[in-house]
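Worksheet for the structure shown next.
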Ligand SMILES: Cc1cc2nc3c(=O)[nH]c(=O)nc-3n(C[C@H](O)[C@H](O)[C@H](O)COP(=O)(O)O)c2cc1C
């Protein structure tokens, strides 16, 4: 489709719409519902150096206009990914990008090193923002120093496109964005989930086994857009925006705030075809407004 191509680091995306880690499995799970080749990219499940069981149940709770999750990065580890999953997904006609998590800097580096060797893995997304694991994850993304350190060390071993996913659970997201840009990140993605909690009043127990978890869905969209807009004015590298996107209007809002591309997360659970409808909607919007390229809209909110 004309006018939809965007660039993130060395990645040329056929359109700016991708799916968010943890909400789209490895793509395979959605192949019966949509043509995966329509997507700009797929961010696969959070992957760690060693296998992880994830948190105890219950680890999902519905909230008005969103959901709380505490999945806790359940996955079979990077070696399993390389051996069993990568061969299945590597020839999809879209960019497959692994979301990498860890408890220590060494974990992130070792995981990134293994992924760097894969021909058809053009990029990774460093998840320094997971609120649902006891160690690591968000601990890296909420301190400027450790966000910068993990980016610097991974940059040394991963020469391809490096995207760093930022936590919204901070006072000033721009500081962290600048810190990772200075250490060589090619792009930032934001936002991960917001720390939240819910209580069942009859049992008086928390609705999640971990008590707190990550809030996602339409309820976080205005805050996510504000953060994208702030980061757009703080860094030069491209931004991948997400948080509550349900339709093409939401996606355009993120783009006008400064996102070069977007990810669709929680809404995939409601409508597995949402991402494709959003691509078509953005295309129609460009035609209707006679805008040659979606790049012409990035950060172009009109103030006054
Ligand atoms: C069930 C679930 C699992 C998730 N797992 C991950 C993950 O493994 N790694 C990660 O970086 N983000 C993870 N996320 C966060 C999403 O990728 C996304 O950043 C967040 O949900 C906000 O977007 P949304 O409101 O469109 O869902 C997860 C979100 C949900 C709902």
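In full-length UniProt numbering, the protein residues as written are 1 to 304.
Using N, Cα and C, we set each Cβ at its ideal position, and we do this for glycine too.
Small disclaimer: the values here were computed from a predicted structure and weren't measured.
Considering only their Cβ atoms, is the gap separating residue 68 from residue 101 smaller than 7 Å? no
For residue 53, does the count of other Cβ atoms within 10 angstroms reach 16, so buried, or fall short, so exposed? exposed
Nonlocal neighbours in the same chain, by C-beta distance under 6 Å from residue 281, ignoring five residues either side: Result list for residue 281: 248, in chain order.
So what does DSSP say about residue 93, is it helix, strand or coil? Three-state DSSP puts residue 93 in coil, outside helix and strand.
So what does residue 124 bridge to, in DSSP terms? According to DSSP, residue 124 bridges with 98 and 162.
Under three-state DSSP, which class holds residue 205? strand
Go ahead and pull the three-state DSSP assignment for residue 227. helix
Less than 7 Å between the beta carbons of residue 188 and residue 164, yes or no? yes
Nearest to residue 221 by CA position, among 264, 186 and 206, is which residue? 264
Nearest-angstrom Cβ-Cβ length linking residue 92 and residue 27, presumed shorter than 8 Å: 6 Å
Quickly, what does DSSP pair residue 19 with across the bridge? List them, please. 42 and 264
I'd like to confirm something about residue 21: is its beta-carbon nearer than 6 Å to some heavy atom of ligand 3, or not? Among the ligands present in this structure, namely ligand 1, ligand 3 is not found.
In the DSSP assignment, find the unbroken beta strand (DSSP E) run with residue 194 in it and report its ends. 194-197
Residue range of the beta strand (DSSP E) that includes residue 308: The chain is shown only over 1 to 304; residue 308 falls outside these bounds and no answer can be derived.
What is the DSSP secondary structure of residue 293, reduced to helix, strand or coil? coil
Opposite residue 106 in the DSSP bridges: which residues? DSSP lists no partner for residue 106.
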